[in-house]
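Right, dumping it as structure tokens:
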């Protein structure tokens, strides 16, 4: 008998996020709600739902002392943790609108968002963060208060005149709540979330309480969380995927959320916390996959065992899901071989994720087929989904018993989709945004007769949604051929030698690529080519480029000839949010990459 208890759906009367929290606190006040690492005690500490509500009440009282008008924007620049939850919930309780910011976004971008959103309050982790924002030169006339968790005096003399207060002082000065606020309505804004801005300034997406709560309900009906589930939160709460699936959904389901310390310690936190639910982007799976591939190098036996486990595990997965089974090997033989392969190969891999993950949702970008095949074959239940900030964000997701990784699953209940001109996916439903903040023209272009134009190309196969490309990211070569660069980039990064890839070729005679090499894999390759891996000139050598291009051609062999890269440039410098080459949601900033590597790109086409 299954001892797991499915979480109860919130009643229909729960229509706003403050109502959702109040219902949860009333339902399970003494259950564990949040868990985070405290450096002072060097240990993990927990808070129950009742204790979390008490913390939130203090923050609400402190925010109420500012007497802000309803609808005022509250900017939040905090790492994931109970403090971020408290200011988010305090803002919502007073009818204000959270504006989540990415904790490692650059100061200039944050300053722009503060100005554009007309934020009244900024809550930041450190005074140094605020100092860097103030130094970016933006005039912020609406900003009335800056609250920081840590002070260092660095903001003295800052050009922006907003007063800065230490969080502990701000909370201590708060009076008891008056109880005068009636809370927001379901059509009031629950957030203004700024999109990544891959090619220009980010836009503020206006999401209402109806948008978010409806998406939480629909997601719960598909993923079916258990009341005992434990989430590990590591995607930034400025990412709508994490806000809905990793923050508000656990409130609805009554699950505990543990906050990872950092991406750098994620591997250790996975093994310590041992979550049952992961909400992640493909990059996390790619890193584990690359680590596994690197561990197989030099051992033919290990590589053979791993491949056998993947192949047999994948066939078993396909049989369970009713998918076409490659190579009709008798199921009995696969089942007989599996216990040994599971012990030798699958179990150590699953241990990298803590050893008890029962749901691993992947979204934000497509997961490459080789990586999906690897993890699903070895027993990690990865469910790909599709969504965007403008849809709160989930539109479709696979389910544990109905999982086709070649698709992003079935559309959520209550959400409608259709295929428009040029195969563009259109979405309509209660989860679709109100519009873009102060951008009526952009809103009118995106929302036409209630249908959101996603900019993604899609197909519907047997009731499942399949994303096939991106309208705005299509390369048109000088010969008129059209290529989706993201598909090529996914194929290239399946090889652990290539950590990141950027494909170019617009108005060019052929496709080329700039790739970031993994340091360890590059060192092995360079030694084999009799090159010095530490010498910059080695990356420009004909031997290194030819070897890399040969591997890329093998990885892209399934693509049409005109889509296969014919030149490559090599670099070791990773593309990150900090250096402006990735968005906060880990998408390539193509315009910035084009500018950064313009000389290398020109050299490829003139070589």
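In the numbering used here, the protein residues as written are 283 to 889. Just so you know, even glycine gets a beta-carbon here, dropped at the ideal spot from N, CA and C.
Query	Result
CB of residue 705 within 8 Å of CB of residue 678, strictly	no
Simplified DSSP state of residue 886, which is helix, strand or coil	helix
Neighbour-count burial assignment, residue 524, 16 or more Cβ in a 10 Å radius	buried
Buried versus exposed, by CB contacts within 10 Å (16 or more), residue 572	buried
Reduced DSSP secondary structure (H/G/I, E/B, other) of residue 402	coil
Cut-off 7 Å between Cβ atoms - residues of its own chain near residue 503, not counting five sequence neighbours on either side	695
Cα-Cα separation between residue 519 and residue 526, rounded to whole angstroms	9 Å
Selected residue, minimal CA-CA separation from residue 853, among 799, 564, 812 and 667	799
Residue 326 in three-state terms, based on DSSP	strand
Collapsed DSSP secondary structure at residue 558 in the structure displayed	coil
Every unbroken beta strand (DSSP E) inside the stretch 442–515 [3 residues or more]	446–448, 471–476, 486–490 and 512–515
Cβ-based neighbour list, residue 683, same chain, cut-off 7 Å, excluding 5 preceding and 5 following	none
Continuous alpha helix (DSSP H) assignments of at least 4 residues falling wholly in the stretch 748–820	767–774 and 801–810
Whole-angstrom distance between residue 354 and residue 380, CA atom to CA atom	9 Å
The stretch 295–307 in contact with the stretch 365–382 per 3-pair CB rule at 8 Å	yes
Cα-Cα separation, residue 717 to residue 711	13 Å
Assigned exposure category for residue 491 - 16 Cβ within 10 Å defines buried	buried
For residue 785 and residue 481, the rounded distance between their alpha carbons	Reliability fails at residue 481, whose pLDDT of 47 lies under 50, so the model's placement of it is uncertain and the value that follows must be treated cautiously. Computed Cα separation, rounded: 15 Å.
Where residue 411 falls, given that 16 or more other Cβ within 10 Å makes a residue buried	buried
Ordered list of beta strand (DSSP E) runs contained in the stretch 661–746, each at least 3 residues	664–669, 676–679, 698–701, 706–710 and 733–743
Counterpart residues of residue 408 in DSSP-defined beta bridges	432
For residue 608, the three-state DSSP class (helix, strand or coil)	coil
Closest Cα partner of residue 308 within the set 536, 426, 477 and 352	536
Cβ pair count under 8 Å reaching 3, the stretch 647–659 against the stretch 670–677	no
8 Å CB neighbourhood of residue 844 in its chain, flanking five on each side removed	759, 761, 763, 765, 792 and 793
Nearest-angstrom Cα separation, counted from residue 420 out to residue 565	33 Å
Cβ contact check for the stretch 345–365 and the stretch 396–409: 3 or more pairs under 8 Å	yes
Under 8 Å between C-beta atoms of residue 890 and residue 465	For the chain, the structure presents residues 283 to 889; residue 890 sits outside this window and is missing.
Residue 542 (DSSP reduced to helix, strand or coil)	coil
Classification of residue 312 by the beta-carbon crowding that lies within 10 angstroms, buried from 16 upward	exposed
C-beta atoms of residue 449 and residue 430 nearer than 8 Å	yes
Proximity below 8 Å, CB of residue 488 to CB of residue 341	no
Presumed contact (8 Å Cβ cut-off) between residue 634 and residue 549, rounded CB distance	7 Å
Nearest neighbour of residue 865, chosen from 310, 351, 327 and 388 [CA to CA]	388
Burial state of residue 553 (16 or more Cβ within 10 Å)	exposed
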